[in-house]
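Engineer: Pasting in a structure now, in structure tokens, and then I'll have a few things to ask.
Number of protein chains: 2
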Amino acid sequence: MTVQESGAEPKAAGMKDVAAAAGVSLGTVSNVLNRPDRVSPGTRAKVEAAMAQLRFVRNESARQLRAGHSRVLAYVMLDGSNPFFTDVAAGMEDAADAAEAGDLSLFLCNSAHQPAREEAYLNRLEQQRVQGILITPVDPDAALLREIADRGTPVVIVDRTPGGTTHCSVAVDDVYGGEIAVRHLVEQGHDRIAFVGNHTAVGQVRDRRLGALRALQAAGLGPDHLVDLTTTALTVADGRGAGERLAGLPASIRPTAAFCANDLVALGLLQTCANLRMRVPDDLAIVGYDDIEFAAAAAVPLTSVRQPRRRLGRTAAELLLAETEPGHQHRQVVFTPELVVRASTLR
Amino acid sequence: MTVQESGAEPKAAGMKDVAAAAGVSLGTVSNVLNRPDRVSPGTRAKVEAAMAQLRFVRNESARQLRAGHSRVLAYVMLDGSNPFFTDVAAGMEDAADAAEAGDLSLFLCNSAHQPAREEAYLNRLEQQRVQGILITPVDPDAALLREIADRGTPVVIVDRTPGGTTHCSVAVDDVYGGEIAVRHLVEQGHDRIAFVGNHTAVGQVRDRRLGALRALQAAGLGPDHLVDLTTTALTVADGRGAGERLAGLPASIRPTAAFCANDLVALGLLQTCANLRMRVPDDLAIVGYDDIEFAAAAAVPLTSVRQPRRRLGRTAAELLLAETEPGHQHRQVVFTPELVVRASTLR
DNA sequence: CCTCCGGATTGAAAGGTTTCACAAACCTGG
DNA sequence: CCAGGTTTGTGAAACCTTTCAATCCGGAGG
């Protein structure tokens with residue numbers, strides 16, 4: 002029984018205080034925490050009682066300082082409000098929970114497409130000496146990413162393909178995704194197909210369009226069978242706008258099917274169709290991309306290209322954890338997407 | 002010019018190394034970092050050059066250890082895949098960015114409804130001595146939350162109302178939300194209204210139903226005018242199931258309107274209506290709750306009760322930051338939701 | 001009875017930063 | 001040229017934990 006301080010905040014007890022209260026040395030308290038088997042049951046009980054009584058909370062900063070690294074992984078995501086990324090993050094959580102090196106935590110950081118925010122997070126994480134950084138970067142070729150990796154913090158690029166092979170990365174084959182989407186439409190008898198998206202941007206969307214062209218070519222159809230409906234971004238509103246433009250085309254030219262770069266765009270398009278009394282899929286067949294949960298729940302369930310989001314995240318985290326192994330070589334993993342056929346393309 | 006080590010990893014330079022390389026004392030390096038104005042331009046330049054050359058990265062663990070606390074806030078969210086919570090988190094990010102005590106980072110942790118995960122995160126955060134914890138807990142009255150707060154880490158409860166007043170909290174008036182939803186339906190001429198949700202659970206959903214009953218009462222309608230369609234959870238699938246049950250009711254009893262505890266449920270219900278050729282709102286008017294982005298983008302845009310999600314998050318973070326002020330009193334902030342009327346209830 | 005052994009415990013060093021009292025150097029004005 | 005003030009720079013202590021070599025002790029074997 003020690004006397005309870007009645008003054009202001011009792012100044013959070015440390016191991017030293019615990020040791021004093023239990024009448025043992027500092028080293029013994031440490032042993033109780035880290036190698037309980039090396040401590041006799043009697044002393045251990047005394048120490049544990051003291052810890053409980055003093056409401057001892059281990060100081061992680063001090064542990065890290067000593068250890069030289071923390072037991073934290075972080076995912077810097079591009080857009081926390083996009084279900085795609087939260088699912089990827091869920092996969093990472095699975096991997097972190099399952100890791101042998103128990104006791105890992107995954108922290109999420111949302112850059113929200115803002116380079117400044119991304120940079121601030123990256124710096125903070127590096128200073129925190131996190132075990133590794135997972136990131137879907139605004140710019141996959143940013144110098145900072147390379148620098149951080151060079152200085153020794155493992156970095157894995159998620160859902161982007163960096164220029165070189167200076168990091169591990171995981172991504173999905175978007176050309177193939179575009180190909181299976183449009184091949185399906187062609188098989189359904191369509192030969193004038195709209196591509197809805199902002200393909201001027203490099204990356205994903207461009208690849209998906211490329212795949213679409215390949216599918217047409219394979220069917221003996223030239224690039225003029227793909228009608229571009231270019232949007233500024235990939236939101237639901239963009240999809241609505243594209244729908245109106247599409248409906249305005251004369252019937253002789255109007256595509257009978259649309260391949261959307263994204264499910265959000267597809268949902269917007271679908272909504273416009275409903276408003277304008279165009280029947281889906283009879284008047285217009287629609288294929289989306291990502292297969293987000295709401296794609297299946299739409300008024301007309303959406304055919305979509307599914308990416309193995311959760312697996313993407315899990316694999317990324319596994320690659321990250323493998324970085325610390327001795328003769329590590331960076332790997333670029335590419336997954337294959339899959340077409341999920343639903344009512345929006347089946348007449 | 003120092004000689005570049007050619008062996009393995011040069012062992013990350015610390016301030017001591019920088020000091021040596023620049024030919025100054027440790028304290029001066031510290032001053033360059035923390036009080037640059039107290040250092041003459043010449044030495045500062047020397048030190049900065051040395052830092053660049055050695056690729057010096059500040060060690061946050063050591064800083065924290067010295068400072069006694071970190072510059073990190075954390076939000077432990079109940080469900081990272083629910084757009085509601087990611088929007089709340091976005092509001093917190095706004096507040097963290099704007100905070101006077103510059104240089105705060107917000108980390109997100111996803112408990113995914115799992116008490117064990119939540120507990121692991123809470124312990125880790127407390128050990129990390131974070132500046133404060135924001136949380137939408139699985140159980141708002143869990144003992145651990147109180148203990149952590151008692152030991153000195155500020156805790157703010159988000160979107161839940163804890164039993165006592167031992168924490169700050171922010172929430173939304175769900176009774177009122179239910180009331181305005183059903184009042185609107187009554188004004189549209191409905192007098193037999195379905196309530197779709199799992200109201201056996203305590204909390205939100207129960208309050209929303211309570212509000213619905215009040216609205217009926219205010220219109221002189223008894224509780225028998227509310228038809229309960231009870232679900233197990235609040236997912237799209239639950240909504241679909243409820244829709245089928247509803248459609249199975251004889252027309253003489255079947256409600257002409259439905260108030261859903263959640264937009265996901267409402268979207269599922271909407272989908273069933275489309276499948277069964279029930280017209281919305283003519284055959285069934287639908288009101289959802291949360292006003293998630295997809296509510297407006299549905300095939301029939303959904304009337305919904307909007308919660309100030311972003312503001313909820315921002316306020317929560319502000320309350321948290323205010324906790325450190327001297328004579329702090331815990332506050333319970335309650336926001337008022339707002340009805341957004343769209344096509345799903347307007348004939 | 002002495003030695004040796006192994007398990008239990010201890011004490012001190014180390015890890016990188018910040019802070020603070022203090023010393024040194026430089027200026028100003030008398 | 002000096003007293004007193006300001007600007008720069010220094011050195012050591014403190015933050016809390018972990019690790020590891022060293023010590024202590026009781027007991028077994030000779």
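Sequence lines, in order, name chains A and B. The first sequence begins at 2 in the numbering used here and counts up by one. The second sequence begins at 2 in the numbering used here and counts up by one. Positions of the beta carbon are idealized from the N, C-alpha and C atoms, including for glycine.
State the CB to CB distance for the pair D174/A and F336/A, rounded to an integer number of angstroms; the pair is presumed to be in contact (CB under 8 Å).
Structural biologist: Contact between D174/A and F336/A holds, since their C-beta atoms are separated by about 7 Å, short of 8 Å.
Engineer: Please look up how many angstroms separate the CB atoms of A300/A and L34/B, rounded, as I've assumed it's under 8 Å.
Structural biologist: The Cβ separation is near 58 Å, so there is no contact.
Engineer: State yes or no: is the C-beta of E245/A within less than 9 Å of the C-beta of T273/A?
Structural biologist: yes
Engineer: Find the nearest neighbour of Q90/B within the set D292/B, A75/B, A102/B, judged by alpha-carbon distance.
Structural biologist: The sequence given here places Ala at residue 90/B; Gln does not occur at that position. Here the closest residue by C-alpha is A75/B.
Engineer: Throw me the rounded Cβ distance for the H191/A and A286/A pair, which I believe falls under 8 Å.
Structural biologist: 6 Å
Engineer: The beta strand (DSSP E) with I134/B in it runs from where to where?
Structural biologist: 133-136
Engineer: With a threshold of 9 Å between beta carbons, is S7/A in contact with chain B?
Structural biologist: With a pLDDT of 43 at S7/A, under the threshold of 50, the modelled position of this residue cannot be trusted, and the question is left open.
Engineer: Alpha carbons only, please: which of R241/A, Y122/A, N60/A is nearest the one belonging to R67/B?
Structural biologist: N60/A
Engineer: So, for L146/B: in the same chain, excluding its five sequence neighbours on each side, which residues have a beta-carbon less than 8 Å away from its beta-carbon?
Structural biologist: L123, I136, P138, V156, I158, P163, H168
Engineer: In the stretch 116-178 of chain B, which residue ranges form an unbroken alpha helix (DSSP H) of at least 4 residues, counting only runs that do not cross its ends?
Structural biologist: 116-128, 144-151
Engineer: Quick check on H200/B: buried or exposed, where buried means 16 or more other Cβ atoms within 10 Å of its Cβ?
Structural biologist: buried
Engineer: Closest by CA to M52/A, which one among E120/A, T29/A, Q205/A, V342/A?
Structural biologist: For M52/A, the nearest C-alpha among the options comes from T29/A.
Engineer: For A13/B, would you say it is in contact with chain A, using Cβ-to-Cβ distances shorter than 9 Å as the test?
Structural biologist: yes
Engineer: Quick one, are the C-beta atoms of I194/B and V228/B less than 9 Å apart?
Structural biologist: yes
Engineer: Helix, strand or coil for G313/B? Go by DSSP, reduced to three states.
Structural biologist: The displayed chain sequence assigns Leu, not Gly, to residue 313/B. Here L313/B carries a helix assignment [DSSP, helix/strand/coil].
Engineer: Using a threshold of 9 Å, state whether the C-beta atoms of Q189/B and R348/B are closer than that.
Structural biologist: yes
Engineer: If the cut-off is 9 Å on Cβ atoms, which residues from the stretch 116-129 of chain A count as contacting chain B, listed in chain order?
Structural biologist: R118, A121, Y122, N124, R125, L126, E127, Q128, Q129
Engineer: Of all the CB atoms in chain B, is at least one closer than 9 Å to the CB of T87/A?
Structural biologist: yes
Engineer: According to DSSP, is A20/A helix, strand or coil?
Structural biologist: helix
Engineer: Within the 9 Å Cβ cut-off, does E294/B reach chain A?
Structural biologist: yes
Engineer: Report the CB separation of T87/B from T87/A in whole angstroms; it is logged as a contact under 8 Å.
Structural biologist: 7 Å
Engineer: E1/A by DSSP, collapsed to three states: which one?
Structural biologist: The requested residue 1/A is not part of the displayed model; chain A covers only 2 to 348.
Engineer: What do you reckon, are the CB atoms on L268/B and G133/B nearer than 9 Å?
Structural biologist: Taking the C-beta atoms as reference points, G133/B is found no nearer than 9 Å to L268/B.
Engineer: Excluding the 5 residues preceding and the 5 following D104/B in the sequence, name in chain order all residues of the same chain whose CB lies nearer than 8 Å to its CB.
Structural biologist: Closer than 8 Å at Cβ, skipping near neighbours: R72.
Engineer: Q330/A CB to nearest chain B CB: under 9 Å?
Structural biologist: No, no contact with chain B.
Engineer: Look at S305/A and D239/A and say whether their C-beta atoms are less than 9 Å apart.
Structural biologist: Their beta carbons are not under 9 Å apart, which means S305/A does not touch D239/A by this criterion.
Engineer: Q65/A: beta carbon under 8 Å from a heavy atom of the ligand MN?
Structural biologist: In the structure on display, the ligand MN does not appear, and there are no ligands present to speak of.
Engineer: Under a Cβ-count criterion, where at least 16 other Cβ atoms within 10 Å of its own Cβ denotes burial, should T166/B be classed as buried or exposed?
Structural biologist: exposed
Engineer: Starting from the Cα of A298/B, find the closest Cα among P224/A, R64/A, V266/A and give me that residue.
Structural biologist: For the residues P224/A, R64/A, V266/A, the minimum Cα distance to A298/B belongs to V266/A.
Engineer: Check whether the stretch 93-104 of chain A touches the stretch 115-122 of chain A, counting contact only when three or more Cβ pairs, one atom from each stretch, lie closer than 8 Å.
Structural biologist: no
Engineer: Is the beta carbon of P302/B sitting closer than 9 Å to the one on P338/B?
Structural biologist: Contact annotation: P302/B and P338/B have beta-carbon atoms that are not nearer than 9 Å.
Engineer: By Cβ distance, which residues of its chain are closer than 8 Å to Q330/A, with the 5 residues on each side in sequence left out?
Structural biologist: none
Engineer: Is A317/A buried or exposed, if buried means 16 or more other CB atoms sit within 10 Å of its CB?
Structural biologist: Buried, by the Cβ-count rule.
Engineer: Here's a check: name, in chain order, each residue in its chain whose Cβ is nearer than 6 Å to the Cβ of Q65/A, leaving out the five neighbours to either side.
Structural biologist: S71
Engineer: Could you confirm whether any beta carbon from chain B is found closer than 9 Å to the beta carbon of Q65/A?
Structural biologist: yes
Engineer: In three-state terms, what does DSSP make of S62/B?
Structural biologist: Of the three classes helix, strand and coil, the one that applies to S62/B here is helix, per DSSP.
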